[in-house]
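Numbering (UniProt numbering), first residue to last: 1 to 436.
Following: one structure in structure tokens, then a few remarks.
Right, dumping it as structure tokens:
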């Protein structure tokens, strides 16, 4: 098995260039017992299983979290629950030997591995959460914020710490604390332990919490804005009554629009687009509100030149808004709409292609089925920019059943305009991932 073949190799050879009075190279052999049998890398936090085999903590925890219950090397069964690190014994002696070896080979570019911090325990988390609840009851918002920051720092130290905090109902306690004593530190701690459970989402969707979240989205602190929109995305993704409630919160659609229009980071933009998609898909009133605020032209301008993952999210948000009459009217009156949507077909990804087809179908079907001039305009533009040929290719290479139905209907609507229009764009299949 490729995952554990490393224990058969006596050494891992790495060529490192050392410069001392001229160009030279030295071949450094890393002792095999310093390397993790799973990752083949130098261990930074060696831990030993009950079977006696030592692994790097991150690698063996990933192995266990994937549902494996055998030692990768010996194949012996392990009676360890996922997320329970009590049976992973830190090998301090080996770690010190690795550190000494790193120092001895510093001249060859080897950096000393840091001494890992001791993982937190469930008891520490429970005590801290109890202190947060008590501080909230006393109205001590300053202490609440301090303790929340402590939890956030713990979660940031390792994935194991984050899981330990999440599994002890931290989200519920922090959500209740944020409702009663909102602060950027508590919001940051919540964002650091996503996803949330149903009770935490319910508390964060309360009017008091939502008002504070909207304020945070307009904060001068860029991190607070990112964490706020991450929480909004998390609640909206649940597709429950809370999704509708937060979409109708005063100032929230405007805050999302601003995050997209005036980006603070690629991550914040992506999260804001996903939140917009979920909110618009969950509630027609919210989707119409986005349209009225000018989200449609903003998304179309973004789609002109943007990277693939951002393109998919922008198309998803646009498609959900085009599910409303207000959204379709805004798109039909925008000269970029049809050319940009058609351009994204077969160029970005399968997901982007299907979203583009859905958006075009909504535009043309809404306006074209009853003979309105707006519908004819959309259909003519689509034919002119090469949509007919691209749709035919989609039928050839295959797509989902729902998309196939939309493609077929679009082809029927466009067929009457083929002889009237001259295609002005050569069809580009650079993004086509399947054989044609």
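Each residue gets a CB set at the ideal place from its N, CA and C atoms; glycine is no exception.
Where residue i falls, given that 16 or more other Cβ within 10 Å makes a residue buried
i, result
"residue 76", "exposed"
"residue 270", "buried"
"residue 395", "exposed"
"residue 344", "buried"
"residue 61", "buried"
"residue 122", "exposed"
"residue 265", "exposed"
"residue 129", "buried"
"residue 197", "exposed"
"residue 335", "exposed"
"residue 115", "exposed"
"residue 418", "exposed"
"residue 220", "exposed"
"residue 267", "exposed"
"residue 325", "exposed"
"residue 441", "This structure cannot speak to residue 441, because the chain is shown only from 1 to 436."
"residue 21", "At residue 21, the pLDDT of 38 sits below 50, so the modelled position is not reliable and the matter cannot be decided from this model."
"residue 391", "buried"
CA nearest to the CA of residue i, picked from the options
i, options, result
"residue 152", "319, 140, 165 and 141", "165"
"residue 313", "287, 334, 282 and 272", "272"
"residue 204", "333, 177 and 406", "177"
"residue 201", "111, 42, 220 and 244", "244"
"residue 236", "274, 397, 183 and 110", "274"
"residue 377", "350, 333, 392 and 415", "333"
"residue 97", "32, 59 and 261", "32"
"residue 298", "241, 262, 41 and 180", "262"
"residue 55", "87, 102, 28 and 79", "87"
"residue 229", "397, 187, 250 and 28", "187"
"residue 179", "150, 141 and 163", "141"
"residue 111", "407, 253 and 43", "43"
"residue 135", "385, 181 and 91", "181"
Pair within 8 Å by beta-carbon distance, residue i and residue j
i, j, result
"residue 148", "residue 189", "yes"
"residue 45", "residue 57", "yes"
"residue 355", "residue 315", "yes"
"residue 71", "residue 89", "no"
"residue 337", "residue 300", "yes"
"residue 399", "residue 382", "no"
"residue 291", "residue 327", "yes"
"residue 410", "residue 360", "yes"
"residue 286", "residue 233", "no"
Rounded Cβ spacing between residue i and residue j (contact assumed at less than 8 Å)
i, j, result
"residue 154", "residue 118", "About 11 Å separates the two Cβ atoms, so there is no contact after all."
"residue 217", "residue 255", "4 Å"
"residue 210", "residue 246", "6 Å"
"residue 231", "residue 168", "Rounded, the Cβ-Cβ distance is 19 Å, inconsistent with contact."
"residue 133", "residue 173", "6 Å"
"residue 38", "residue 59", "4 Å"
"residue 144", "residue 206", "Actually they do not touch by this definition, with Cβ atoms about 17 Å apart."
"residue 49", "residue 28", "In fact, because the Cβ distance is near 28 Å, the residues do not count as touching under 8 Å."
Residue i versus residue j: straight-line alpha-carbon distance, rounded
i, j, result
"residue 227", "residue 389", "44 Å"
"residue 258", "residue 36", "47 Å"
"residue 212", "residue 104", "53 Å"
"residue 215", "residue 95", "47 Å"
"residue 282", "residue 239", "6 Å"
"residue 358", "residue 277", "14 Å"
"residue 448", "residue 318", "What the structure shows of the chain is the stretch from 1 to 436, and residue 448 is not part of that stretch, so it cannot be assessed."
"residue 175", "residue 288", "30 Å"
"residue 348", "residue 304", "12 Å"
"residue 339", "residue 47", "57 Å"
"residue 100", "residue 113", "9 Å"
"residue 51", "residue 320", "53 Å"
"residue 222", "residue 185", "13 Å"
"residue 387", "residue 342", "6 Å"
"residue 157", "residue 308", "31 Å"
"residue 416", "residue 404", "20 Å"
"residue 225", "residue 107", "44 Å"
"residue 159", "residue 242", "29 Å"
"residue 412", "residue 170", "55 Å"
"residue 330", "residue 362", "13 Å"
"residue 127", "residue 138", "17 Å"
"residue 109", "residue 91", "25 Å"
"residue 250", "residue 199", "23 Å"
"residue 385", "residue 406", "18 Å"
"residue 63", "residue 93", "23 Å"
"residue 102", "residue 146", "37 Å"
"residue 323", "residue 284", "8 Å"
"residue 69", "residue 150", "33 Å"
"residue 41", "residue 401", "45 Å"
Contact test: residue i Cβ vs the ligand ATP heavy atom, cutoff 7 Å
i, result
"residue 264", "As presented, the structure is devoid of all ligands, the ligand ATP included, so that no description of it is given."
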